[in-house]
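Here the structure is laid out as structure tokens; the discussion comes afterwards.
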Amino acid sequence: MAGATDRSSSENTIVSPVANQHDSAQHAEPDVYDFAAIQAKWLPVWDELDPFRAGREGDTRPRKYVLDMFPYPSGDLHMGHAEAFGFGDIAARYWRHQGFDVLHPIGWDSFGLPAENAAIKRGTDPRTWTYANIEQQKRSFRQYAPSFDWSRELHTSDPEYYKWNQWLFLKMYEQGIAYRKAGQVNWCPNDQTVLANEQVVDGHCERCGAVVTKKALTQWYFRVTDYGDRLLDDLNQLEGAWPSKVVSMQRNWIGRSSGADVEFEIEGREGRVPVFTTRPDTLYGATFMVVAVDSDLAAELASGASDEVRRRFDDYLDSVRAESDIDRLATDRPKSGVFLERYAINPLNGERLPIWASDYVLADYGHGAIMAVPAHDQRDLDFARAFELPVRVVVDTNAPVTGVIPVIPLDEDGNPYVPDDLPPLDPASTGVALTGDGRLINSGPLDGLSKQNAIRRAIEILEERGTGRAAKNFRLRDWLISRQRFWGTPIPIIHCADCGEVPVPQEDLPVRLPDAAGLDLKPKGQSPLGAAEDWVNVACPNCGGAAKRDSDTMDTFVDSSWYYLRYLNAADDTQAFDPAQAEKWAPVDQYVGGVEHAILHLLYARFVTKVLFDLGYLSFTEPFTSLLNQGMVLMDGSKMSKSKGNLVEFASELAAHGTDALRVTLAFAGPPEDDIDWADVSPTGSAKFLARAWRISGEVTSNPDVEWKSGDASLRRITHRLLADAPALAEAYKFNVIVARLMELVNATRKAIDSGPGAGDAAVREAAEVTAMILDLFAPYTAEDMWQRLGYKPTVALVPWRKADRALLVEESVTAILQVDGKVRDRVEVSPKISADELERIARSTAGVVRAVGDREIVNVIVRAPKLVNIATRG
């Protein structure tokens, strides 16, 4: 590799070596590693240089977009932030060294309940609490030194940002994707607001932990289900680039089922009731119908029943409203219900099916009603046994499902013969539903068909009769976006008694939040905005009459569903984002954040991206090309918390050990996706490693223009193997391995200085420079100071990656292990190209092997050239 002239030819104007001369002044500095002094020295330099600003005019480098999931400003940064943003910064710095113009922005997800609850507790405006926390986090971020482009900073609670949330809402409203409807919604009695299905975890509010109930409200939704197929099918694009766990979680949450919509007539009622089923082949086994007790259909049918049934239905409905969906769907709870004294007609065989209302059917699943086939569904069977309803077997699960239809043997009475070792086809007695495959029986034209063939034929019959059709259903539900809280994006709709729902004209955006002063923000079941009379009472944009603003605000997941696009032109007040900039930078090349967002945030961001694609604003349909999920930072095996007394504070660790030691510790602890137990790591050890590396940079005595090829070959081989291996390791997120290899290089360099060719050797300088360049990924302050001590101007962060000399990657010799009966008896240095025969010959003649074999008979020799020989003996 050539000297300084070649090394600097591809560096930009910010990064340039000191011309032909080592800065001798550096040797006057004390040889003491003082992380606080180094941090104080370089922060103002970086502020002045602004080296991480992306998209400078005339920059022709290829582009990379690296993004961290932006933080919520609930207080100062914590150890989880240190880990996540540390990993994201490694990626950003790596791609800059690889010659890319990297966009690595930062912002704050600053709307939401925590700020509002804190404001209520303190009697202040949510803005005060929110923006004070943002300033604190900014100070901590600056000290932690992520390579952010601060020029693109955004806060979702700024009107300049949420104006475009409202624009996005109105675009979806125009397309019918945003809509309002009445229905049963998840209600948090503590926060006094509705929750999307995804925000209910095991029946509890994911924010405060309160038990979630149901409440009838008219709310705003986005039609995510219209995108169900695309959200599911496009996951194929992300296989291998996203963690398999996240892809599986998304697939399971979307939960596509194929089957049929079957239309049932109900005696005495006009119009048919559609029922979705994945098993239309089992229609002949339907013996009753169940409707969700909290559905409109159940209320309608109950209204025509006897007084006694209506009373029992109302009491039952009241008890069910306090239950969570998780509880209602539990398989181990006793079945309950009310017979509604009404009957449905089976569209295939004309049988009358009694209709029951029960809690084990959900109003928002399919159409809120099911055909119950108790012989082949466990929950239906449990219900049938509880209320002594008929059970009819229509699938012979003992029959083979491949090949020709078998001839069924008969006993002496002419009945089908069933061998003793086959399970009985009698779920009513056994209490176990027959859920396996088989052939259809007791099903008229479907008899003898396998399941898949019977499903196809049943759908054909339904379509011929006009009573059903093939259909799909999703576990996914439309996204409920309205919230009854103050601190969020106002929904840009005006309600007029004459005109109905009227969108706010775009020229009137943003609809700004009013001053919180004088408003009671305490949760009380409706939005506090409704009490802001000067704000809520407006003239209708259509007719000019008296009207009211919609007083609900948007779910904060709307803010984060498209924020990656706002970074592209965060200060532009004329558009949400510039499609031309999106074409240049997006989608995000590397996204970093916690797996806890695998369903909520990631699903909504994917949905909004597809909407914007359909509207013609984007040329891609997936927002995040590659995803890295970090694990948790634990203490003594448990999640950190003040109540447990195991909280490790980010600020105190930063003060005690310094930014670089903290960052190296987190990177070295293990693979990013694994949890880190802080009790098992050593920031003190990381600091010692950094001090060793830093001291080497001050001991180098050769000039920057020294010819590296003249240096010690063995040290150069270690240096160039790391240069060659680190890119693949970085792109596979094996950051801990790179740190370990850096430690190896520092130790080898130290050895070369102390007992080898000395500090003046060209290989020592080369190793020190490569150490500084790669160390920038993990320890930017130390790396920058090393770079200066080695005679270069800032900043090392923009130094192009040194190319490995391929000749130095060829091993001159390898160590062959020589075993006798599995035990190591000797080692020899051999050529990497040695033949198996030659290696065996050498092994048999070495002193260690000769002694171990002695007079014993050699019965087998295994040779794995060039690294292993194992000789087996006996006698």
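Last residue of the sequence shown? That's 875 in the UniProt record's numbering, and every number before it is there in order.
C-beta atoms are modelled at their ideal positions from N, C-alpha and C, and glycine is treated no differently.
This one's a predicted model, so the numbers in the text were calculated from it and none came from an experiment.
Quick one: Cα of residue i to Cα of residue j, how far?
i, j, result
"E731", "V66", "13 angstroms"
"G758", "E707", "16 angstroms"
"R717", "M554", "58 angstroms"
"residue 883", "G670", "Nothing in the structure corresponds to residue 883, since the chain is present only between 1 and 875."
"T397", "V592", "48 angstroms"
"M249", "D677", "26 angstroms"
"P217", "Q526", "The question names Pro, yet the displayed sequence has Leu at residue 217. Looking at the two C-alpha atoms, the distance is approximately 10 angstroms."
"A762", "L568", "44 angstroms"
"V404", "G438", "Because the pLDDT at V404 is just 45, under 50, the model does not fix this residue reliably, and the value given afterwards should be weighed accordingly. Taking the straight line joining both Cα atoms gives about 13 angstroms."
"S303", "R310", "7 angstroms"
"V407", "L449", "Legend: pLDDT at V407 = 49, less than 50; position of this residue unreliable, no value from coordinates given."
"W651", "G760", "In the sequence on display, residue 651 carries Ala and not Trp. If I take the Cα positions, the gap works out to 40 angstroms."
"A531", "L519", "7 angstroms"
"G88", "T130", "24 angstroms"
"I858", "V869", "13 angstroms"
"V262", "D226", "21 angstroms"
"A749", "A767", "First, the amino acid is wrong: residue 749 is Thr here, not Ala. Going by the C-alpha atoms only, they are around 7 angstroms apart."
"L348", "D307", "33 angstroms"
"A571", "P334", "58 angstroms"
"H155", "R566", "10 angstroms"
"V681", "T665", "7 angstroms"
"A260", "Q219", "29 angstroms"
"F288", "A372", "5 angstroms"
"L615", "M172", "9 angstroms"
How many whole angstroms separate the CB atoms of residue i and residue j, which I take to be in contact at a CB cut-off of 8 angstroms?
i, j, result
"R93", "D776", "6 angstroms"
"D552", "Q484", "6 angstroms"
"V200", "V291", "The pair is not a contact, with the Cβ atoms about 23 angstroms apart (cut-off 8 angstroms)."
"D478", "V194", "At roughly 13 angstroms, the Cβ-Cβ gap does not stay under 8 angstroms, so D478 and V194 are not in contact."
"V394", "L440", "6 angstroms"
"Y564", "P704", "Their Cβ separation, rounded to whole angstroms, is 40 angstroms, which puts Y564 and P704 out of contact at 8 angstroms."
"N133", "S74", "7 angstroms"
"A865", "A836", "5 angstroms"
Measuring CB to CB, does residue i end up less than 8 angstroms from residue j?
i, j, result
"residue 880", "Q819", "Here the chain has residues from 1 to 875 only, and residue 880 is not among them."
"K451", "D281", "yes"
"A847", "V828", "no"
"S222", "I266", "Correcting the residue type first, residue 222 is Phe in the shown sequence and not Ser. Cβ distance not < 8 angstroms, so F222 and I266 don't count as in contact."
"T489", "Y162", "yes"
"W356", "L340", "yes"
"A286", "L353", "yes"
"I599", "W253", "yes"
"F141", "L77", "yes"
"H495", "A547", "yes"
"G637", "D674", "no"
"M786", "A693", "yes"
"S147", "R53", "no"
"I90", "F577", "no"
"V799", "T771", "no"
"D296", "V320", "no"
"F486", "E174", "no"
"I491", "S482", "yes"
Using a 10 Å radius around the Cβ and a threshold of 16 neighbouring Cβ atoms, would you call residue i buried or exposed?
i, result
"S561", "buried"
"S157", "buried"
"G255", "exposed"
"G466", "exposed"
"N537", "exposed"
"T795", "buried"
"K121", "exposed"
"N236", "exposed"
"D332", "exposed"
From the beta carbon of residue i, is the nearest beta carbon of chain B less than 8 angstroms away?
i, result
"F624", "In the structure shown, chain B does not exist; there is a single protein chain."
Where are the beta strand (DSSP E) runs, 3 residues long or more, that stay fully inside the region 467-551, in chain order?
-> 468-474, 493-496, 500-503, 537-539 and 546-549
Any beta strand (DSSP E) of 3 or more consecutive residues that is wholly inside the region 157-223 | 178-188, 193-195 and 213-222
3-residue-minimum beta strand (DSSP E) runs that sit fully inside the region 726-777, ordered along the chain | none
Residue ranges of each alpha helix (DSSP H) within the region 634-698, 4 or longer = 650-657 and 659-668
Runs of alpha helix (DSSP H) lying entirely within the region 422-452, each at least 4 residues, in chain order | 427-430
Continuous alpha helix (DSSP H) assignments of at least 4 residues falling wholly in the region 78-124 | 79-97 and 113-122
Residue ranges of each beta strand (DSSP E) within the region 592-630, 3 or longer = 627-630
Segments assigned beta strand (DSSP E), at least 3 residues, entirely inside the UniProt domain "Leucyl-tRNA synthetase editing" (251-398) | 256-266, 273-277, 288-292, 337-345, 352-358 and 369-372
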